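What follows is one structure encoded as structure tokens, with my remarks underneath.
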Amino acid sequence: MVMFLLRNIAIAQIPVEVFAGHKKASVDIMFFKFFKNKAGQPSKFLFFNRNRASIDYAITQTTNLPQFGFTEAFSYNHPKLKGFAPVAVVQILNRGISPKAGIQFAKITKNYTIFSWAVSETLSKPNIDFFFLGRYTPKLTDKLNLFSQIELINSFPSNQQNILAFTQRFRLGLKIKEFQFGAGLDLTQQGKGVFIKNENFGAFTRYEF
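Residues -13 to 195 (our numbering) make up the sequence shown, in order.
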């Protein structure tokens, strides 16, 4: 199935990020590319893929266990919708599988990317998720670009007994051809009324294969 998808996706680079923070380390592979049509050109169908794993330095046999996440999404992007599109999402986390559906917005250019969606789980008592990715890579010199990125992940439960969960990830550095590096900060807040807050700052390296 994976090979079938990759064969039919327009050829493009796949970025891999390694982030080493003062509390956790993570590996993140994320890309979104258009499927090819019969003529070999990008179609209206956009495929989003993300594989992420993180490990806490304070890991024990029962606490702070490694976290894994796999997200696949398909959207139909008609030009008349001006970047908006219906989207179907499947997310696999440590706690289980979550099918979701909603609305996506995508604007991808050479120097900036805006990618976002608002989706709801299709299960009973669903969570409402808002995802935003903004990336800006303007040219500084002929061989050097700025690399800046912000990512927001917000989860709002429809069940009042469940907790709110918010994540913010920031990256700021330099881009030299396919290689990016710099400083990073990950923030999380979880709770209801009183929030448990965590921060993880460090350095990232990113390469586009």
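Glycine is no exception: its CB is placed at the ideal position from the N, C-alpha and C atoms. Bear in mind that the values here come from a model prediction, so they are computed numbers and not experimental data.
- Its chain contains F5, R38, A39 and S40 as the residues whose beta carbon lies nearer than 7 Å to that of S12, once the 5 sequence neighbours on both sides are disregarded; these appear in chain order.
- Residue environment analysis places D128 among the exposed positions, since fewer than 16 neighbouring C-beta atoms fall within 10 angstroms of its C-beta.
- Partner residues in a beta bridge of P65, as assigned by DSSP, do not exist.
- Rounded to the nearest whole angstrom, the C-alpha separation of F133 and M16 is 16 Å.
- DSSP places L173 in the uninterrupted beta strand (DSSP E) bounded by F165 to K178.
- For G170, the closest C-alpha among the options Q176, F156, K161 and A59 is that of F156.
- Here the alpha carbon of G188 sits roughly 45 Å from the alpha carbon of K24.
- For K93, the enclosing beta strand (DSSP E) covers residues G82 to I94.
- Looking at the DSSP output, L138 bridges to F118 and Q154.
- CA-to-CA, the gap between K22 and D42 works out to about 39 Å.
- Here the alpha carbons of T46 and W103 stand approximately 35 Å from one another.
- Residue environment: K96 is assigned as exposed (fewer than 16 neighbouring CB atoms within 10 Å of its CB, all protein chains considered).
- Residue environment analysis places F195 among the exposed positions, since fewer than 16 neighbouring C-beta atoms fall within 10 angstroms of its C-beta.
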